[in-house]
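So the structure is just underneath, and the comments pick up after that.
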Amino acid sequence: MIDCHVHLWDPAEGFPWIRPGGEHHRAFGEDDLEQSGAGLDLAGAILVEASRGDAGETLALREVRRRRPDLVIGYVANLHVHGADGPGAFRARLQDLGDTRPNGMRLGGPSWTDTPEPARALVPVLEDAGVALELNLHRRALAAAADIGARHPGLTVVVDHLGNAPDPRTPEAGEWFRDVERAAASPNVVVKISGLLTQQHGLPPQRIAHLVRHVVDTIGPDRCLLGSDWPICLPRGSRADSLATSRLGLSHLAADRLDRVLHTNAVRVYRLDG
Numbered sequence: 324m325i326d327c328h329v330h331l332w333d334p335a336e337g338f339p340w341i342r343p344g345g346e347h348h349r350a351f352g353e354d355d356l357e358q359s360g361a362g363l364d365l366a367g368a369i370l371v372e373a374s375r376g377d378a379g380e381t382l383a384l385r386e387v388r389r390r391r392p393d394l395v396i397g398y399v400a401n402l403h404v405h406g407a408d409g410p411g412a413f414r415a416r417l418q419d420l421g422d423t424r425p426n427g428m429r430l431g432g433p434s435w436t437d438t439p440e441p442a443r444a445l446v447p448v449l450e451d452a453g454v455a456l457e458l459n460l461h462r463r464a465l466a467a468a469a470d471i472g473a474r475h476p477g478l479t480v481v482v483d484h485l486g487n488a489p490d491p492r493t494p495e496a497g498e499w500f501r502d503v504e505r506a507a508a509s510p511n512v513v514v515k516i517s518g519l520l521t522q523q524h525g526l527p528p529q530r531i532a533h534l535v536r537h538v539v540d541t542i543g544p545d546r547c548l549l550g551s552d553w554p555i556c557l558p559r560g561s562r563a564d565s566l567a568t569s570r571l572g573l574s575h576l577a578a579d580r581l582d583r584v585l586h587t588n589a590v591r592v593y594r595l596d597g
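Numbering follows the working numbering, in which position 46 of the sequence shown is assigned residue number 369; successive positions increment by one, without gaps.
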């Protein structure tokens with residue numbers, strides 16, 4: 324299994340969203356990542372940016388990937404921090420990084436229109452370079468992914484955290500279910516089953532399983548990934564707990580289809596070595 328969503332950080336290096344005294348206000352390094360995966364039979368992880376707030380984080384993620392290929396087999400950097408450089412400079416940066424360039428670039432915010440326009444202007448560069456765009460949007464992430472996918476058919480668009488699915492018992496759930504259908508119609512949209520231990524905290528397991536199964540059956544097992552969102556998940560449970568929650572709703576899949584969700588799709592989406 325490839326864990327497609329983990330983070331590392333040290334609050335002393337930035338990360339303004341981490342509040343002093345909070346449960347995440349400590350350094351999480353490579354040794355912590357290694358210990359968290361003990362006994363989980365992992366083939367590696369995708370290291371995702373943690374909003375440090377500067378372009379140096381891209382190089383820091385790259386260095387971890389180079390130093391610990393046994394733990395980190397790919398990385399997703401922050402697209403926001405490269406927006407000010409402009410498309411030409413960003414294209415040159417990716418070319419300079421060569422084989423060690425990011426496997427994806429993430430863009431986040433309340434909604435697509437709330438993301439910085441200079442960062443959105445870099446999306447065509449990602450399409451040309453074959454680097455995935457990853458979305459972490461609080462609202463309508465799946466709908467935004469479908470629109471972006473239609474405008475950029477050569478781009479792979481990864482939607483984090485099941486598209487931030489609402490509680491299925493609320494009125495907002497209907498909009499999310501419709502957005503799943505829209506995303507399914509865009510063949511270059513991929514959904515990451517991640518963050519559920521935190522975002523769906525308090526929901527009965529069968530309701531979480533229903534959300535997961537709906538996405539997998541609608542989008543297709545060839546277009547789903549799985550991730551723990553470690554160490555964000557720790558206030559609610561371990562990395563193993565988070566991965567187990569993400570796997571709810573997958574029990575109906577045949578072995579070959581399950582393997583695509585757990586491993587094969589990540590190799591294709593992030594253009595890994597195997």
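Glycine included, every Cβ here is placed at the ideal spot set by N, Cα and C.
Cβ contact (3+ pairs, closer than 8 Å) linking the segment 567–576 and the segment 384–403 | Counting C-beta pairs closer than 8 Å gives fewer than three between the segment 567–576 and the segment 384–403, which falls short of the contact rule.
With a cut-off of 8 Å, do at least 3 Cβ pairs link the segment 482–489 to the segment 510–523?
-> Yes: at least three Cβ pairs fall under 8 Å.
Count the other C-beta atoms from every protein chain shown that fall within 10 angstroms of the C-beta of Trp332, then say buried if there are 16 or more, exposed otherwise.
-> By the C-beta density criterion, Trp332 is buried, having at least 16 other C-beta atoms within 10 angstroms.
Does the distance from the C-beta atom of Leu420 to that of Arg385 stay below 8 Å?
-> Their beta carbons are under 8 Å apart, which means Leu420 touches Arg385 by this criterion.
State the DSSP-derived secondary structure class of Gly597, mapped to helix, strand or coil.
-> No answer about Gly597 holds up, because its pLDDT of 49 lies below 50 and its placement is not dependable.
Could you name the residues of the same chain whose beta carbon sits closer than 7 Å to that of Asp502, not counting the 5 residues immediately before and after it, in chain order?
-> Excluding sequence neighbours, Asp502 sits near Arg463, Leu465, Ala466, Gly486.
At least three beta-carbon pairs within less than 8 Å, the segment 435–444 to the segment 355–371 | Result no; under three Cβ-Cβ pairs closer than 8 Å.
Other residues of its chain near Leu573: CB distance less than 7 Å, five sequence neighbours each side excluded | So the qualifying residues of the chain are Val535, Val539, Leu581, Val584.
Asn268: first and last residue of the uninterrupted alpha helix (DSSP H) it sits in | No answer is possible for residue 268: it lies beyond the span of the chain, which begins at 324 and ends at 597.
C-alpha gap between Gly472 and Gly409, whole angstroms = The C-alpha of Gly472 lies about 22 Å from the C-alpha of Gly409.
Over what stretch of residues does the beta strand (DSSP E) that includes Leu458 continue unbroken?
-> Taken as a continuous stretch (DSSP letters only), the beta strand (DSSP E) holding Leu458 covers 455–460.
Tell me, to the nearest whole angstrom, how far the beta carbon of Val454 is from that of Arg474; I am working on the premise that it is less than 8 Å.
-> So it is not a contact: roughly 16 Å between Cβ atoms.
Going by the beta-carbon positions, is the gap between Val448 and Leu456 smaller than 8 Å?
-> Their beta carbons are not under 8 Å apart, which means Val448 does not touch Leu456 by this criterion.
Buried or exposed by the 16-neighbour rule on C-beta atoms within 10 Å, applied to Glu380 = That one is buried.
Going by other Cβ atoms of all chains shown within 10 Å of its Cβ, with 16 needed for buried, is Gly344 buried or exposed?
-> The residue is exposed, with fewer than 16 neighbouring Cβ atoms inside 10 Å.
Can you list the beta strand (DSSP E) stretches of 3 or more residues lying completely in the segment 345–411, in chain order?
-> Within the segment 345–411, the complete beta strand (DSSP E) segments at least 3 residues long are 367–371, 395–401, listed from N- to C-terminus.
Would Leu382 be called buried (16 or more neighbouring beta carbons within 10 Å of its own) or exposed?
-> Leu382 counts as exposed, since fewer than 16 other beta carbons sit within 10 angstroms of its beta carbon.
Cβ-based burial, Glu450 [other Cβ within 10 Å; buried from 16] = It counts as buried.
Take Gly597 and list the residues in its own chain whose beta-carbon comes closer than 8 Å to its own, dropping the five residues that flank it on each side.
-> With a pLDDT of 49 at Gly597, under the threshold of 50, the predicted position of this residue should be treated as unreliable, though the coordinate-derived value follows. Sequence-distant Cβ neighbours of Gly597 in its own chain, meaning closer than 8 Å and more than five residues away, are Val590.
Contact belief for Ile555 with His330 at Cβ below 8 Å, rounded distance in angstroms | Yes, they are in contact, since the Cβ atoms of Ile555 and His330 sit about 7 Å apart, within 8 Å.
How would you call Ala335, buried or exposed, if buried means at least 16 neighbouring beta carbons within 10 angstroms?
-> Here Ala335 is exposed: its Cβ has fewer than 16 other Cβ atoms, across all protein chains shown, within 10 Å.
Could you pull out every residue in the same chain whose Cβ sits closer than 6 Å to the Cβ of Gly411, ignoring the five residues on either side in sequence?
-> Once the five neighbours on either side are set aside, Gly411 has no close Cβ partner at all.
With which residues is Val514 paired in a DSSP beta bridge?
-> In DSSP, Val514 forms a bridge with Val482, Cys547.
Would you call the CB atoms of Ala506 and Ala469 closer than 8 Å?
-> Contact: yes.
Cross-strand partners of Gly427 (DSSP beta bridge) | Residue pairing by DSSP puts Gly427 in a beta bridge opposite Val399, Ala455.
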